[in-house]
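Here is the structure we will look at.
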Amino acid sequence: MSLSRKFFIYGEVMKPGSYPMEENMTVFRALAVAGGFTKFGDSSKVKILRPKTGSAGYDMIKVDIKAVMDGKTDADVPLKAGDVVVVSEGIF
Numbered sequence: 057m058s059l060s061r062k063f064f065i066y067g068e069v070m071k072p073g074s075y076p077m078e079e080n081m082t083v084f085r086a087l088a089v090a091g092g093f094t095k096f097g098d099s100s101k102v103k104i105l106r107p108k109t110g111s112a113g114y115d116m117i118k119v120d121i122k123a124v125m126d127g128k129t130d131a132d133v134p135l136k137a138g139d140v141v142v143v144s145e146g147i148f
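Written out as structure tokens, the structure reads:
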């Protein structure tokens, strides 16, 4: 299967899985496509795992979703094909 036109979202979102890459897809839009956070999802614990070019493994990019929700559009990271968005559980 080609990863060229998909991104993945896992963790504490309502509908985890793989989704088709749309134009101008960002982390915030990806969260919306996946139905938003579960009741355990922590908006301060969102990261992108981006496949490294030319080697194995991933680069990790932390995303400040709270800043995005506060209107800081530059905090909304554009996704690339093959990216994995991970939403971790918050500790209460």
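Counting from 1, position 10 in the sequence shown corresponds to residue 66 in my numbering; the numbering is continuous, with no gaps. Backbone N, C-alpha and C fix where the C-beta goes; we use that ideal spot for every residue, glycine too.
Distance, residue j Cα to residue i Cα
i, j, result
"Lys118", "Val83", "11 Å"
"Leu135", "Gly110", "19 Å"
"Gly138", "Met77", "9 Å"
"Val142", "Tyr66", "5 Å"
"Met57", "Phe63", "Any reading at Met57 must be qualified, since the residue scores a pLDDT of 46, below 50, and its modelled position is unreliable; no value is offered."
Proximity below 8 Å, CB of residue i to CB of residue j
i, j, result
"Ser74", "Lys101", "no"
"Met116", "Lys108", "no"
Neighbourhood of residue i by C-beta, 8 Å cutoff - its chain only, sequence neighbours within 5 removed
i, result
"Met70", "Ala90, Gly91, Gly92, Phe93 and Thr94"
Neighbourhood of residue i by C-beta, 6 Å cutoff - its chain only, sequence neighbours within 5 removed
i, result
"Ser99", "Ile121 and Lys122"
"Val124", "Phe84, Ala131 and Asp132"
"Met81", "Leu135"
Local Cβ density within 10 Å of residue i, reported as buried at 16 or more and exposed below that
i, result
"Ala86", "buried"
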